[in-house]
Each structure stands twice: as structure tokens, then as C-alpha cells.
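First up is the structure itself, then whatever we jot down about it.
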Ligand SMILES: C[S@@+](CC[C@H](N)C(=O)[O-])C[C@H]1O[C@@H](n2cnc3c(N)ncnc32)[C@H](O)[C@@H]1O
């Protein structure tokens, strides 16, 4: 990364952010880990290095930085560019559903659109039945489980992951956000959840195809492969979750599942299933809702497809 001209010492916070944004674009970085553009990442890194709050009033934008501060900001920019580390891993924090989570390489950076559903308290998806117990299958950092518990303090929420690393981060987030109604369990999908019944299962499982995973920008290599890779069509996990969810849902229970771009493959495999593809503020995001009755109705077909996976 080119060094700033040492003569150009009299620079402000806004100068640094502008410079970082330009460099990030010039160097062809990829965005998509919580922030979707260069200026937001440059802002986040600058404020972090300067130990300033993320909601700093713009009136401080013209404040000058010391030479040491400038060096610290530029060092972070350099790591973002040279090592392609997502900004949230460099700062160690990411926003999700209005809550600030700890994030590091033990789990994916929280970014699921499911945050919007949680903040809307799942209306209208859950308006027809009461919810007492909810499961976040494939919880990673614990973001979905903890946010569900935060917005619905009367719910008991379980978060499940197979990764010990992810679960240790989830426990740290539970403590940080005082999420007393969220509990984390290690399990390979539903294997160790015998007898557990939920009114709602929410899941953002791995759903990236092998081909897409191998072609992802370098930034994604900092995230655990276990959180992304999901077979040739990206549906290895979603199909198993659909197969086993009826055993863990109440009669009126609901499954909400994110499959991203694998939505098209899923509809090709199961054209008769009535998936309700959820509309978000920005449009459809490959997230469907399906009730237990519909899962049971198509169980034989779903099971055959899921059983054929490794
Ligand atoms: C796409 S990440 C989602 C993480 C988190 N829910 C989020 O939205 O940021 C998928 C998660 O599934 C977990 N996972 C992978 N295989 C699993 C399995 N067999 N059983 C349970 N969890 C699994 C990974 O460890 C990873 O944390």
C-alpha cells in the first residue's frame, strides 16, 4: 500500500476515511461481511483505530489526528488490503439486529438478513401461534439465538452448532449481551436434540456450493469453511434440516431457513412444496418459511433427497 506523503501530516479523520475508501476500491477488495461498501469499512476501521464511538457526530470529521494515530489507522488499512481480512475481524465487532456482537475467525461474521425478521418479531410469520421455545440451528457466533432471545425475552432459545470454536464465541456473546434465555448445545444437526420440541426453528446453515466456495474472494478464506460449504448444489444441510425438523416442531410449528442462491436448486428438486419465500425491505433473499404440516406432507420426498447426501 503506498504511504501517505510525510509532508501531508495535517490530516483529519475525514481525510483518512476518504483515503481508505479510495484505496480499498483501487485495490479491488471484496465487501459483504456486515458492510457492503468501501466507505463504511474505512469508517469502521478509522474509528476503531482512533478509539472513537461508531456513532461519532460528523462535527468531529474535520478534527486533526496525531502522527501516531495516523500510523495506527494506516496499519489497519494495510492489513485489510494486504491480508484481505474482513474489517469486522480486524475490529473484533459486528452489528446484528441492533446488537454489537464479538466476532472473530471462530465463526462467520454475522450478516444474515434474518436480523430483519428478528427485529420485526417474526410478524406476520408467527402471528397464528404462540412461541415459547425457539431453536437457532447452526448458530455460529450465536447471533440469531441471542438476538431472538433479546427481542423476545419470554422465549427460551437454544443455539446449536457442531463447532466447539463457534460455540465458545457464542458463549462469550451470551455473556457480553446478557442473554440469559439463550442456551448453546453442541450437536451434529439434530443428533443430540432427542426429545427437544420447538415452536419455531430458524436456521442459517452452510449453503454455498463447492464450486462457489472455491471461487469466493480471499476475504472468505478467513471464515471457517465449515460455515459455508454445503455440497454440489448447496443443499446438503437445508435438506437434512427439512427432513428432521418435523420431529422437533410442535404441530403448528414453523421452520424458517436461509438458502441464499441455492433457492433455485431447491425449487427444482422440490417443485410441489409450498415454500413461502420471504420478502425483505430489499426484496427476496433466499429465505423461506414452511410449516410442519407441509414438511410432513412431503416428508418421503424430502427424506429421499436428504438421505442421498453424505
Ligand atoms: C452459515 S454459518 C451461520 C452462523 C450464524 N447462524 C450466522 O448467521 O452468522 C453455518 C454454521 O453451521 C455450523 N455447522 C456446520 N455443520 C454443522 C452441523 N453438522 N451441525 C451443526 N452445525 C453445523 C457451522 O459451524 C457454522 O457456524
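In the numbering used here, the protein residues as written are 11 to 320.
The C-beta atom is built at its ideal place from N, Cα and C for all residues, glycine as well.
Here the structure is a predicted model, which is why all the values come from computation and not from measurement.
Residue 31 CB to nearest heavy atom of ligand 1 below 6 angstroms: What you label residue 31 is simply residue 21 of the chain shown in a count that begins at 1. Answer for residue 31: no, Cβ out of range of ligand 1.
Does the Cβ of residue 214 lie closer than 6 angstroms to at least one heavy atom of ligand 1? Counting from one through the chain shown, the residue named residue 214 turns up at place 204. Taking 6 angstroms as the cut-off, one finds at least one heavy atom of ligand 1 near enough to the beta carbon of residue 214.
Which residue comes first and which comes last in the alpha helix (DSSP H) that contains residue 29? Walking along the chain shown from the start, residue 29 turns up at place 19. Where residue 29 is concerned, the enclosing alpha helix (DSSP H) stretches over 23-36.
Taking residue 143 as the reference, give the member of 163, 149, 134, 124 with the closest Cα. Looking up residue 143 in the chain shown gives position 133. The residue with the shortest Cα to Cα distance from residue 143 is 163.
Span of the alpha helix (DSSP H) holding residue 158? In the chain shown, counting from the first residue as 1, residue 158 sits at position 148. Counting along the chain, the alpha helix (DSSP H) containing residue 158 begins and ends at 153-161.
When the Cβ atoms of the segment 198-211 are set against those of the segment 224-234, are three or more pairs found closer than 8 angstroms? Counting Cβ pairs under 8 angstroms, fewer than three are found: no touch.
At a cut of 8 angstroms, does the segment 73-82 reach the segment 120-130 through at least three beta carbon pairs? The segment 73-82, when compared against the segment 120-130, does not touch it at the 8 angstroms Cβ threshold.
What I want to know is whether the C-beta of residue 172 ends up closer than 6 angstroms to one or more non-hydrogen atoms of ligand 1. One-based indexing of the chain shown puts residue 172 at position 162. Flag set: Cβ of residue 172 near ligand 1.
Sequence ranges, alpha helix (DSSP H) only - wholly within the segment 70-157, length at least 4: The segment 70-157 contains these whole alpha helix (DSSP H) runs: 77-92, 97-101, 124-129.
Measuring alpha carbon to alpha carbon, tell me which of 121, 269, 166 ends up nearest residue 153. In the chain shown, the residue the question calls residue 153 occupies position 143. Nearest C-alpha to residue 153: 121.
For residue 39, tell me which candidate among 20, 285, 195, 91 has the shortest Cα-Cα distance. Locating residue 39 in the chain shown gives position 29, where the first residue counts as 1. Checking every option, the nearest Cα to that of residue 39 belongs to 91.
Buried or exposed for residue 110, going by 16 or more other Cβ atoms inside 10 Å? Residue numbering aside, residue 110 sits at position 100 when the chain shown is read from its first letter. Residue 110 is classed as exposed because its beta carbon has fewer than 16 other beta carbons within 10 Å across all chains shown.
At a threshold of 6 angstroms, does residue 118 count as lining ligand 1 (C-beta to nearest heavy atom)? For the purposes of this step, residue 118 is identified with residue 108 of the chain shown, where counting begins at 1. Residue 118: yes, Cβ under 6 angstroms from ligand 1.
I'd like the span of the beta strand (DSSP E) that includes residue 186, first residue to last. As a first step, residue 186 is located in the chain shown; it is residue number 176 there, counting from the start. From DSSP, residue 186 is part of no beta strand (DSSP E) but of the alpha helix (DSSP H) over 174-186.
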